[in-house]
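Numbering (our numbering), first residue to last: 159 to 507.
These notes are about the structure you will find just below.
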Ligand code: DAH
């Protein structure tokens with residue numbers, strides 16, 4: 159019996175290999191699975207005449223071959239599709255279709271493109287910038303010297319070799335993964351004379367524990383503008399224009415005094431909660447306002463580091479967590495969803 163079954167399998171394989179059209183496939187089906195004289199049907203029919211012991215052995219094997227044969231035939235029919243062969247035209251409407259998922263942009267990318275479009279429309283240059291920078295660009299030139307307590311605001315990943323020794327660049331400066339996109343400010347200014355309007359959108363890295371609102375990879379947007387006579391009025395206009403366009407409605411903002419080493423004066427900006435219209439809800443913790451970003455007028459020392467003549471230019475700058483913006487826009491509750499590659503999450507957008 160085993161041998162019969164093995165023979166059947168072998169000859170089916172061979173016949174499937176040379177079947178050229180649907181007629182040939184149908185013939186194979188009848189030859190082996192035909193109700194009256196199908197070779198496999200006969201084996202199955204004869205099972206009842208076998209001893210208990212043989213039944214246990216042959217039964218499962220025969221069923222397995224039957225399933226295999228059915229699947230192989232289905233596969234071969236599907237593969238042959240509507241191919242015309244001779245005068246035959248075959249379309250089997252009973253074969254279930256396969257659902258095709260059409261890929262689409264990650265929610266992050268969708269909003270990043272929208273944000274980039276808005277800043278481009280306001281005349282900004284939009285760049286991604288470098289993720290590995292040296293200490294000078296990430297800290298020193300932003301008025302955060304070594305040992306400055308403000309360094310504690312950013313837990314930094316320094317680059318090291320396999321023995322843990324810090325890697326330095328050619329100027330002897332520590333290399334690190336940028337902790338904020340602000341690291342592109344001096345890099346940009348060094349090569350460009352005002353007027354400058356640049357927006358940096360990209361990845362930053364922080365050496366900190368993750369939770370629903372913190373990841374060690376985060377995305378930030380940093381914008382800055384340098385020219386003669388730039389003032390807070392420009393800053394307020396740009397931020398309002400940006401939020402109005404992004405959210406498609408009138409958004410109110412308020413500025414609160416704050417501290418950043420690279421801006422003076424510095425502010426924290428909140429916008430009116432869009433979920434409750436300012437009445438108070440979970441999103442805004444019942445305050446009616448949602449914290450969004452840090453900003454201010456670029457510190458004169460930073461402009462000096464850029465090599466600009468003292469007192470000639472002023473600048474504005476602002477920076478914010480991009481993940482948070484996407485989370486607010488789509489009501490996403492956990493930042494870790496963004497990069498855990500869960501298609502169930504991504505397909506919702
Ligand atoms: N870089 C700051 C941070 O990571 C955010 C920031 C604040 C950027 C003020 C700016 C700014 O450009 O002016 O927390």
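Cβ atoms here follow ideal geometry from the backbone N, Cα and C, with glycine treated the same way.
Ligand 1 heavy atom lying under 7 angstroms from the CB of residue 306: Every heavy atom of ligand 1 is 7 angstroms or more from the Cβ of residue 306, so no.
Inter-residue Cα distance where the pair is residue 200 and residue 223: Taking the straight line joining both Cα atoms gives about 13 angstroms.
If you draw a straight line from the alpha carbon of residue 412 to that of residue 428, how long is it in whole angstroms? One Cα belongs to residue 412, the other to residue 428, and the distance between them is close to 5 angstroms.
Buried or exposed, going by whether 16 or more other CB atoms sit within 10 Å of the CB of residue 334? With at least 16 other beta carbons inside 10 angstroms of its own, residue 334 counts as buried.
From 338, 175 and 392, pick the residue whose C-alpha is nearest to that of residue 230; which is it? Taking each of 338, 175 and 392 in turn and checking the Cα distance to residue 230, the smallest one comes out for 175.
Under the criterion of a Cβ to heavy atom distance below 7 angstroms, does residue 454 qualify as lining ligand 1? Indeed, a heavy atom of ligand 1 lies less than 7 angstroms from the Cβ.
Those residues which DSSP pairs with residue 201 across a bridge: Beta-bridge pairing links residue 201 to no other residue.
My parser needs the alpha helix (DSSP H) runs of 4 or more residues fully inside the region 287-351; what are they? List check, alpha helix (DSSP H) in window: 293-296 and 342-349.
Near residue 366, which residues of its chain fall below 7 angstroms by C-beta distance, leaving aside the five closest residues on each side in sequence? Excluding residues within five positions, the ones whose Cβ falls inside 7 angstroms are 313, 372 and 374.
Cα separation between residue 294 and residue 258? Rounded to whole angstroms, residue 294 to residue 258 spans 50 angstroms at the Cα level.
Do the CB positions of residue 402 and residue 394 come within less than 8 angstroms of each other? The Cβ atoms of residue 402 and residue 394 do not sit closer than 8 angstroms to each other.
Classify residue 441 as helix, strand or coil using the three-state DSSP reduction. In the structure shown, residue 441 sits in coil (DSSP, three-state: anything other than H, G, I, E or B).
Rounded to the nearest angstrom, what separates residue 438 and residue 445 at their Cα positions? The alpha-carbon separation between residue 438 and residue 445 amounts to approximately 5 angstroms.
Kindly indicate which residue of 360, 307 and 385 has the alpha-carbon position closest to the one of residue 479. From the listed residues 360, 307 and 385, the smallest Cα separation to residue 479 is found for 360.
Residue 429 by DSSP, collapsed to three states: which one? Three-state DSSP puts residue 429 in a strand.
Classify residue 262 as buried or exposed, calling it buried when 16 or more other Cβ atoms lie within 10 Å of its own Cβ. The residue is exposed, with fewer than 16 neighbouring Cβ atoms inside 10 Å.
Going by the beta-carbon positions, is the gap between residue 400 and residue 235 smaller than 8 angstroms? No, Cβ-Cβ distance for residue 400 and residue 235 is not below 8 angstroms.
Going by DSSP in three states, residue 375 sits in which element: helix, strand or coil? If DSSP states are grouped into helix, strand and coil, residue 375 belongs with the strands.
With DSSP run on the structure shown, which of helix, strand or coil describes residue 359? Three-state result, residue 359: strand.
Could you tell me which residues DSSP puts in a beta bridge with residue 383? According to DSSP, residue 383 shares a beta bridge with 355 and 474.
How many angstroms separate the CA atom of residue 440 from the CA atom of residue 492? For residue 440 and residue 492, the gap between their C-alpha atoms comes out near 15 angstroms.
Got a sec? Which residues, its chain only, sit under 6 angstroms from residue 357 by beta carbon, not counting five neighbours each side? The beta carbon of residue 357 lies closer than 6 angstroms to those of 277, 282, 284 and 381 in the same chain, with the five residues before and after it left out.
Among residues of its own chain, excluding the 5 on either side of residue 245, which ones have a beta-carbon nearer than 6 angstroms to its beta-carbon? Its pLDDT being 49, under 50, residue 245 is placed unreliably by the model, and the measurement read from it follows with that caveat. Once the five neighbours on either side are set aside, residue 245 has no close Cβ partner at all.
Determine, using beta carbons only, whether residue 304 and residue 341 come nearer to each other than 8 angstroms. No, the pair does not count as a contact, with Cβ atoms beyond the cut-off.
With a threshold of 8 angstroms on Cβ separation, who are the neighbours of residue 339 within its own chain once the five nearest residues in sequence on each side are excluded? Within the same chain, residue 339 has close Cβ partners 287, 358, 359, 360, 362, 378, 379, 380 and 477.
In three-state DSSP terms, what is residue 451? Strand at residue 451.
With distances taken from CA atoms, which of 326, 370, 324 and 386 is nearest residue 467? Minimum Cα distance to residue 467 is reached at 386.
Is residue 360 close to ligand 1? I mean its beta-carbon at under 7 angstroms from any heavy atom of the ligand. Not one heavy atom of ligand 1 is found less than 7 angstroms from the C-beta of residue 360.
In the structure shown, what three-state DSSP assignment does residue 283 receive? Residue state, collapsed to three classes: strand.
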